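Undergrad: Chains as they are written, first to last, in my numbering: chain X, 1 to 593; chain D, 1001 to 1111. Even for Gly, the Cβ is constructed at its ideal location relative to N, Cα and C. Bear in mind the structure is a predicted one, so any value in this text is a computation, not a measurement. One structure follows; several queries about it will come next.
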Amino acid sequence: MLERTTLRQTTLAGLLEPADARPRGLGAWIFLNIIVLAAYSVAGLVVVLFGIGPAKISPIYPPAGIAVAATFLLGPRILPAVFLGQFCNGFPLLSLPQTTLATYAFANSGTGVGSILEALIALGVLRALTGTWHPFDRARNVVIFLVGSCLLAAFAGGTIGTLSLWAFGFVPNDELNETFVTFVLADAAGIAVFGALILAWYREPRLSFSIAAHACFILVVAAAIAAVETWLRYPIDYLYLPLLLFAGFRAGPRGVTLAAAAITIAAIHVTIAGIGPFVGKTDAESILLLEVFVAVITFTGLLVVAVRAQQLAAEAALQAHNAMLEQRVSERTAEVASKNRLLEEKQARIDEDLHTARILQESILPTDFSAYAGTGIAASMRPALEVGGDFYDVFPLGRGRLGLVIADVSGKGMAAAFFMAVTRTLLRGTALAGASLAECVAHVNRTLCRENPIDMFVTALYAELDESSGAVNLVNAGHCEPIVTAPNGTARLIRRSGNPPLGVIEDRVFAEHGFTLLPGEMLFLYTDGITEASNRAGEFFRIQRLMDIAQRFADRPPHDLMLAVTDSVDRFSVGTLQADDITCLVVRRNLPA
Amino acid sequence: MEITEGRIGEATMLRVVGRVDGSVSKLLEQKVADVTAVDRFIIIDVAEMSYVSSAGLRPFVTLAKHAQAKSRVVSLCGMRDEIAEIFDISGLLGLFAVHDTVEAAIAALPR
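This is how it looks when you write it as structure tokens:
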């Protein structure tokens, strides 16, 4: 904005750019000049008719306002009308006895040139300092308009006008000062009141009912105040102030300029009648007092609308900013919502996959052991997460032998579950292919070592039970030591024999261990999810508790022992998060029927 | 359990003190993974290791696997008899160089 203004100042044409810079033909210009000339002359006539004192001088010279407004709106090409209007407005001088056609022509050419200069300075100053052609938007512009376009311009016009009148004998030497001051102030007031009035109504030409009603109200109230003042002869001019403020706040520049004009006319009218606070000892004093009043009214009124306009502009900017912010927020919210939806969909897919994996994992763990007539079997596996890394297995090896497996893959979750499935399938397949116990475990170990890209391993115990003799052969590859219970309520641990977990050392020979499971004895296989279940105090379940339960349930069915253990672990670790998979497999050699 | 880390010449030394069970095995596993990632010689002083559970053995298995894969030399020293027995029956003793003292472990390092 400021840069544009600076650019515009660089040329004279830019400085004098009017509000309406449309190109026009000669005819149009002649027509517009005639219109302005008519308005100028009528306004001049009004001044002459209603002037104060015998000299018919006025505290306000409306033609100056018309000239400046016309120049603001139409540019320098309207100045012929201004010159001609001012030239003609001197006609009362013709009645003076000393006037000749030559002195009249010279003196009034001077005042005409003064008027032209006045209009040019008024427009140039405002354009140069504000970049706009009206003072209604900013308080700063109001000051520039009143000081530059009114006072400074009127000073120039008044100086030239007074000097030319004086030079040709129309102003006596002793009245020179007074004439000069009156000339300047009346022109300034004319521009400030009537110039601003025309600019304001040109700027907003649409006549709504509201503005019409406000305008009528303003005129009626101004007239009413003047009438009351005339009637009661009280100096109640301060009542104009609320009217002015009302006009500014409710009807903007149009209202305020109309109010200022109405108040000025009303104040002049009342003063002419010799009433009110502006009646001085001399006409000149009255005029000066009126000038000051007009200046205060105009300044106050224009300032009110300018500040109000700035406030409205700030509010509009704030509103636009808020709307933009809200728009941004709603866009971001929508974005986040759509991302969340995607995440939720993704999570739902993962959950579904995990659920499927769990069902699949559960389905490979045997649960129906009714085929093994001489052996009671119970088993359970409860993963800490959706899927686990523990597993057990029971399968017939032929010739009355049973394969029993319990294992615990390092780690948890999907990787462990996958490794568990691989190990279980590999072990069962190798065992069913007829390999011996140690060979089978060594083969599984080798395969797991070779096909194991991530550092996983599995502790496992693989046992073969001869259902008829009770002979048990087992390989314990780094797994928990199993418990054997006897019906008389004793329990013992089957010690490990130095085999490392599977998937650690590739070329490893695994040692077997053999014993006999007597009728009624139970083999209890478990994972460390049981012995290392912890309670809220951070204590572990420990092997000792497990041994105690095993002893107490030694003469009960395998299923009872299994439930006793899992229930006991649950009670022990109540209020804590299950940290590891909990798995056990109980095998009892039934007593002969 | 407490783990302190130090250096002796080219070797990194870890001192494991207290009970090693499921509640600390993750921590120990992370520590040994960090150490085996950069150091060629690792000496673990377990003289003050009072107890090791089944889950507590897992970090040692992982350590052994890392050491194997990256050709690291891992020495355990000052191991108490009962701990040594657990390592032995779990098949893990053979995975490490075992020494009575830290000095012996240092002396055994390849020059």
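If you run the structure through DSSP and keep just helix, strand and coil, what is H479 (chain X)?
TA: coil
Undergrad: What are the start and end residues of the beta strand (DSSP E) that includes S164 (chain X)?
TA: No beta strand (DSSP E) contains S164 (chain X), which is instead part of the alpha helix (DSSP H) from 153-167.
Undergrad: Using a Cβ-Cβ cut-off of less than 8 Å, list which residues of the region 1053-1064 of chain D approach chain X; keep chain order.
TA: S1053, S1054, A1055, L1057, R1058, V1061, T1062, A1064
Undergrad: Between the region 480-505 of chain X and chain D, which residues of the former have CB atoms less than 9 Å from a CB of the latter, in chain order?
TA: C480, E481, R495, R496, S497, G498, N499, P500, P501, G503, V504, I505
Undergrad: State the Cα-Cα distance for the pair G85 (chain X) and A167 (chain X), rounded to the nearest angstrom.
TA: 21 Å
Undergrad: With 16 as the cutoff for other CB atoms within 10 Å, does L7 (chain X) come out buried or exposed?
TA: With a pLDDT of 46 at L7 (chain X), under the threshold of 50, the modelled position of that residue is not reliable, and no figure is offered here.
Undergrad: Which whole-angstrom value is the C-beta distance of D455 (chain X) and H1099 (chain D), which I expect to be below 8 Å?
TA: The Cβ separation is near 25 Å, so there is no contact.
Undergrad: Whose Cβ in chain D lies nearer than 8 Å to the Cβ of S568 (chain X)?
TA: What S568 (chain X) touches in chain D: nothing, since even the nearest Cβ is about 18 Å away.
Undergrad: Counting only Cβ pairs nearer than 7 Å, list the residues of chain D close to E451 (chain X).
TA: Neighbours of E451 (chain X) on chain D: none; closest Cβ ~14 Å, over 7 Å.
Undergrad: Could you tell me the distance, in whole angstroms, from the CA atom of V1102 (chain D) to the CA atom of N499 (chain X)?
TA: 27 Å
Undergrad: If we define contact as Cβ-Cβ less than 8 Å, is F540 (chain X) a contact residue for chain D?
TA: Chain D contact via Cβ: present.
Undergrad: Over the uninterrupted alpha helix (DSSP H) stretch that includes G65 (chain X), give me the two end residues.
TA: 62-74
Undergrad: Mind pulling the chain X residues with CB within less than 8 Å of L1092 (chain D)?
TA: G478, P500
Undergrad: Quick one: does T447 (chain X) have its CB under 8 Å from some CB of chain D?
TA: No, its Cβ sits nowhere closer than 8 Å to a Cβ of chain D.
Undergrad: Rounded to the nearest angstrom, what separates L79 (chain X) and L165 (chain X) at their Cα positions?
TA: 21 Å
Undergrad: Beta carbon of N33 (chain X), beta carbon of A81 (chain X): below 8 Å?
TA: yes
Undergrad: For the alpha helix (DSSP H) holding A247 (chain X), just list the boundary residues, first then last.
TA: 240-272
Undergrad: Apart from the five residues just before and just after S1054 (chain D), which ones in its own chain have a Cβ nearer than 7 Å to its Cβ?
TA: none
Undergrad: Starting from E204 (chain X), trace the alpha helix (DSSP H) both ways and give me its first and last residue.
TA: Segment: none, E204 (chain X) is in no alpha helix (DSSP H) and carries neither H nor E.
Undergrad: With S286 (chain X) as the anchor, note down where its alpha helix (DSSP H) starts and where it stops.
TA: 283-363
Undergrad: Strictly under 8 Å for the Cβ-Cβ distance: is D528 (chain X) near chain D by that measure?
TA: yes
Undergrad: If we cut at 8 Å on Cβ distances, does G1018 (chain D) have a partner in chain X?
TA: The Cβ of G1018 (chain D) sits no closer than 8 Å to any Cβ of chain X.
Undergrad: For the alpha helix (DSSP H) that contains M414 (chain X), what are its first and last residues?
TA: 413-432
Undergrad: Run down chain D in chain order and give the residues with a C-beta less than 8 Å from the C-beta of E439 (chain X).
TA: Within 8 Å Cβ-Cβ: nothing; E439 (chain X) doesn't reach chain D, min ~17 Å.
Undergrad: Would you mind giving the Cβ-Cβ distance between G110 (chain X) and I160 (chain X), rounded to the nearest angstrom? I have them listed as a contact below 8 Å.
TA: 6 Å
Undergrad: Could you name the residues of the region 1001-1031 of chain D whose beta carbon sits closer than 7 Å to any beta carbon of chain X, in the order they occur along the chain?
TA: D1021, G1022, S1023
Undergrad: With 8 Å as the threshold, decide whether the Cβ of P1110 (chain D) is near any Cβ in chain X.
TA: no
Undergrad: Along the region 456-478 of chain X, where does the CB come closer than 8 Å to a CB of chain D? Name the residues.
TA: F457, T459, A477, G478
Undergrad: Helix, strand or coil for T5 (chain X)? Go by DSSP, reduced to three states.
TA: Since pLDDT at T5 (chain X) reaches only 46, below the 50 mark, its modelled position is unreliable, and no value is offered.
Undergrad: Helix, strand or coil for D368 (chain X), going by three-state DSSP, please let me know.
TA: coil
Undergrad: Could you spell out where the beta strand (DSSP E) holding Y526 (chain X) opens and where it closes?
TA: 522-526
Undergrad: Start and end of the beta strand (DSSP E) containing Y234 (chain X)?
TA: Counting along the chain, Y234 (chain X) falls outside any beta strand (DSSP E), and DSSP gives it neither H nor E.
Undergrad: Using CA atoms only, rank isn't needed, just tell me which of X:I406, X:C584, X:E481 is closest to H559 (chain X).
TA: The option with the nearest alpha carbon to H559 (chain X) is X:C584.
Undergrad: Could you please tell me which residues of the region 385-411 of chain X, in chain order, have their CB closer than 7 Å to any CB of chain D?
TA: S410
Undergrad: Against chain X, with Cβ distances strictly below 8 Å, would L1095 (chain D) count as a contact?
TA: Answer yes: the Cβ-Cβ gap between L1095 (chain D) and chain X drops below 8 Å somewhere.
Undergrad: Would you decide whether T100 (chain X) is buried or exposed? Buried here means 16 or more other CB atoms lie within 10 Å of its CB.
TA: exposed
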